[in-house]
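Remember, our numbering sits 21 above the position in the sequence shown when you count from 1.
Using N, Cα and C, we set each Cβ at its ideal position, and we do this for glycine too.
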Amino acid sequence: MTITDTTSTGMTTIDTLRFATAGSVDDGKSTLVGRLLHDSKSVLADQLEAVERASASRGQDAPDLALLTDGLRAEREQGITIDVAYRYFATPRRRFILADTPGHVQYTRNMVTGASTAELAIILVDARNGVVEQTLRHAAVAALLRVPHVVLAVNKMDLVGYEEKEFIRIVEDFGRHAEELGLPGFTPIPVSALVGDNVVDRSAHMDWYDGPALLQYLETVPVGVEAADAPARFPVQYVIRHGDERYYAGQLVSGALRVGDRVTVHPSGETSEIVGIDVLGEAAEVAFAPQSITVRLSDQRDVSRGDMITAGPCPPTLTRDVRAAVCHLAERPLRVGDRVLVRHTTRTVKAIVKELGGVESLAANDLGRVVLRTAEPLALDDYAEVRRTGAFILVDPADGATLTAGMVELV
């Protein structure tokens, strides 16, 4: 995502990186997030004072940075529903939206929520314990969601004497599993969140490591590549009528649209030409994802909410048979034969669950596969190609509760 700031010195472009953190219980994720916020000077003075007071009351000389996030974790454990804790901070080089996801196995579904829109995932490992079952589960979710960039943060290096061999052992172990899980690549970084080694500043204790500190990597990793290169996809959210004109409003979820483009409306298959684009109420010749825009076509077409306007040589697949990888989110199981609603971009259609990858049901936090038969066709992309138009959720038609998150796999 790219945001343009206007300043007194002119126009500057500031990137925004959305990233998620995940780690097994007690791997030090709260301390890592706290250290990242503290050392990047993204903690308000009153917040830091509160942490210092709480730490002093426990007899600690230094502030316990984990307390910056543990309050929210305690709320989860008390039964308050907080799926993901979001943190916002910035450096002179980039803005960040951090999705802090819980580490317990019963909250795997919450990692799916936090990582579904992330361009980077940080998977934390305790250097003493190495790769554990929950580490592999988090890696599997990152692979399933096609998160473009993954960081393996090997934490608590101070507790293993900053030994390079311990770091290499964990990286090689994770690498073997990552290949099996379909994770295309990852960037390993040795850190000590408690001390601050390689979090914001380079460590003086690990001269054998010549890579970037975590924040340096977050500031320089490429963002927005998928949206820029993907085919144009514009799900219509609202139709605005003004006299004889019709304006189609919504968010351009991938690619770009230009005045003069020949476009196709799905699922009808009708074609037309773009004669006008408005961005924030101003006429524009071109729009880029993820801008919210209105589009005007050269002729009257039967276009309504839920339709998708596309351009370019790579049209979506129009189908009623949906195959997808899924993570089940609800306490209520998903069973073969269930009747559900499929919400895909701005379109909602009825469907029936035909298959569940050889099992009869999926429970909360289960990862699996589903085959659906929809009442009306959907314009789908493979999730690996276009994340926004390759994703959907299943909804209970009785009460509107979210059941399952799905990632389309086109055959």
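Out of Thr112, Thr425 and Ala405, the CA that lies nearest to the CA of Gly203 is found in Ala405.
Contact check for Leu165 against Met428 passes: the beta carbons are separated by less than 8 Å. Using a Cβ distance threshold of 8 Å, Leu53 and Leu119 do not count as a contacting pair. The DSSP-derived three-state label of His59 is helix. Taking the Cα positions, Leu388 is about 13 Å away from Glu381.
Around the beta carbon of Thr241, a 10 Å sphere encloses fewer than 16 other beta carbons of the protein chains shown; the residue is thus reported as exposed. Taking Ala199 as the centre and dropping the five residues before and after it, the same chain places the C-beta of Ala160 and Phe207 closer than 7 Å to its C-beta, in chain order.
Shortest Cα-Cα distance from Val181 to any of Asp147, Val171 and Phe413 involves Asp147. In the three-state scheme derived from DSSP, where H, G and I count as helix and E and B as strand, Asn131 is classed as helix.
Taking every protein chain shown into account, the CB of Asp121 has 16 or more other CB atoms within 10 angstroms, so this residue is buried. Annotated three-state conformation of Lys50 is helix, per DSSP. Between Val374 and Leu393, the C-beta gap is smaller than 8 Å, which places the two residues in contact. For Phe207, there is no enclosing beta strand (DSSP E), since its DSSP letter is neither H nor E. For Ala234, DSSP records no beta bridge to any residue.
Burial state of Lys50 is buried, judged by a 10 Å Cβ sphere holding 16 or more other Cβ atoms.
Rounded to the nearest whole angstrom, the C-alpha separation of Gly217 and Phe40 is 20 Å. For Thr285, the CB contacts under 6 Å within the same chain, skipping 5 residues up- and downstream, are Thr292 and Thr331 in chain order. Judged by DSSP secondary structure, Ala106 falls within the beta strand (DSSP E) whose first and last residues are Ala106 to Ala111. Contact between the stretch 311-330 and the stretch 339-347 is absent: fewer than 3 CB-CB pairs across the two stretches fall below 8 Å. The C-beta of Tyr269 has 16 or more other C-beta atoms within 10 Å across all chains shown, which makes the residue buried. Taking C-beta atoms as the reference points, Arg167 and Cys348 fail to come closer than 8 Å. Between Tyr230 and Pro211, the CB-CB gap stays under 8 Å. Cβ atoms of Glu397 and Arg344 stay farther apart than 8 Å, at about 17 Å.
In this chain, the beta strand (DSSP E) harbouring Arg364 covers Arg360 to His365. Arg116 sits in a strand when the DSSP states are folded into three classes. In terms of Cα proximity to Ala310, the closest of Pro334, Leu278, Asp194 and Val324 is Leu278.
For Gly271, the enclosing beta strand (DSSP E) covers residues Glu266 to Gln272.
Under DSSP, Pro256 takes part in a beta bridge, and its partners are Met329.
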